[in-house]
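Numbering (this note's numbering), first residue to last: 5 to 323.
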Amino acid sequence: MPPVPQNRRVGPNGDASPGVRLLRIHEDATPATAGDNRSTEWSAPPEGGPEVFGLDGKSAVVTGASRGIGRAVALGLARAGANVAVLARGTSALAEVAKEIEASGRRALVLTCDIDRPDEIDQAVAAARDEFGGIDVVVNNAGGFSHVGPFLEMTPADWTQILRTNLDSVAHMCRAVGGYLTTVGRGSVINVASVGGYNGVPMLSPYAVAKAGVISLSRTLAVEWAASGVRVNVIAPGWTRTRLTRSFAGNPELADGLIQSVPMGRWGEPDDLVGAAVYLASDASRMVTGACLTVDGGVTAYDTGPAMIDMLSAGRVPI
């Protein structure tokens, strides 16, 4: 296999961009040698004030970072002080994100990686550790669905693929990074689920099952890893304006029907998730583990009634 292109640096159009590294994991690149040159001793965080939310000196890995929530979170972590490795299948959009991270004064590492492949996840984690000297924060954001329809019309292949992308990939990333984090005795894992993981979601059964699984896995790992100093939490977005929901947001009738189920009366935006991510990544949440923060405008606190059920059952699934 060809070696990892250790000295390749790119900008959004393939031009030189100091500080941004590109590793094409899915092109059979060999894993980088892992290492950690930082102290593992615990130190008390700042008392009060905005400093407690700071991420200076920390390094993060964000999956699905080329657009939407993942992009917003990656940039938010960088603005809070973290160096960030951004992962996705494609390179060009990631290079744009990396350029913005670099503009904030932080280091960026571009990792093209197929999250459905555990071997590529392993290589990406090793590369991020090698580049930054360690990992402090992991945000498992990548996901999506390829099938919308009744459960009885779903093929086994549809079911398997959606669970592989939304649940198995999270488990693989947690496994890949968990041994390291529990050994060094620090770290924050943030898994992005969905409000669909709380309740049944007509027409999207495998997606809802996968997101419920992410919540359950996160709570389990939170208990298993707590004594090692590693925190595991969940962010559950509500109806957020992303590529996944653009067909619904762009239809006035569907969008209006959807907003009726949101007490705050508007669509969420990717930037609305940033505060929750920075909080869970930082020492501000140092006593928080096994939690699920819903960022949904009040959806999970509100019984939307028959109108929403009718819309979902009709195949209008804005998730």
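The C-beta atom is built at its ideal place from N, Cα and C for all residues, glycine as well.
- Taking 8 Å as the upper bound for CB-CB distance, R133 and I125 are not in contact here, some 13 Å apart.
- At least 7 Å separates the beta-carbon of L284 from that of V234.
- If you keep only unbroken beta strand (DSSP E) runs of at least 3 residues inside the segment 99-162, you get 112-116 and 141-144.
- Between Y211 and T304, the gap from beta carbon to beta carbon reaches 7 Å or more.
- In the assembly as shown, D276 is a buried residue. Its beta-carbon has 16 or more other beta-carbons within 10 Å.
- At the C-beta level, A89 and A102 stay beyond 7 Å of one another.
- For L297, the uninterrupted beta strand (DSSP E) run begins and ends at C296 to V299, by DSSP.
- Listed in chain order, the beta strand (DSSP E) runs fully inside the segment 200-243 are 235-241, counting runs of at least 3 residues.
- By alpha-carbon distance to N237, the top candidate from L225, A146 and D162 is L225.
- Per DSSP, the unbroken beta strand (DSSP E) holding T67 starts and ends at S63 to T67.
- In this structure the segment 55-66 lies against the segment 140-158, because at least three pairs of beta carbons, one per stretch, are closer than 8 Å.
- For S232, same chain residues with a beta-carbon under 7 Å away, outside a window of 5 residues either side, are T186 and G189 in chain order.
- Taking 7 Å as the cut-off, the Cβ atoms of A240 and V199 count as close.
- Beta-bridge analysis with DSSP links N195 to N144 and V238.
- When beta bridges are read from the DSSP output, G72 appears opposite no residue.
- With respect to A214, L167 sits close: the two C-beta atoms are nearer than 7 Å.
- V196 and I119 do not touch by the CB rule: their CB atoms are close to 12 Å apart, not below 8 Å.
- With a cutoff of 7 Å on beta-carbon distance, V278 and A78 are scored as not near each other.
- About 12 Å separates the Cβ atoms of L98 and A128, ruling out a contact at the 8 Å cut-off.
- Here A84 carries a coil assignment [DSSP, helix/strand/coil].
- For G94, there is no enclosing alpha helix (DSSP H), as DSSP marks it with neither H nor E.
- M177: member of the alpha helix (DSSP H) spanning S173 to V188, first to last residue.
- When C-alpha distances from W271 are compared across A288, S286, G242 and A295, the shortest belongs to G242.
- Per DSSP, the beta bridge partners of A89 are V65 and L113.
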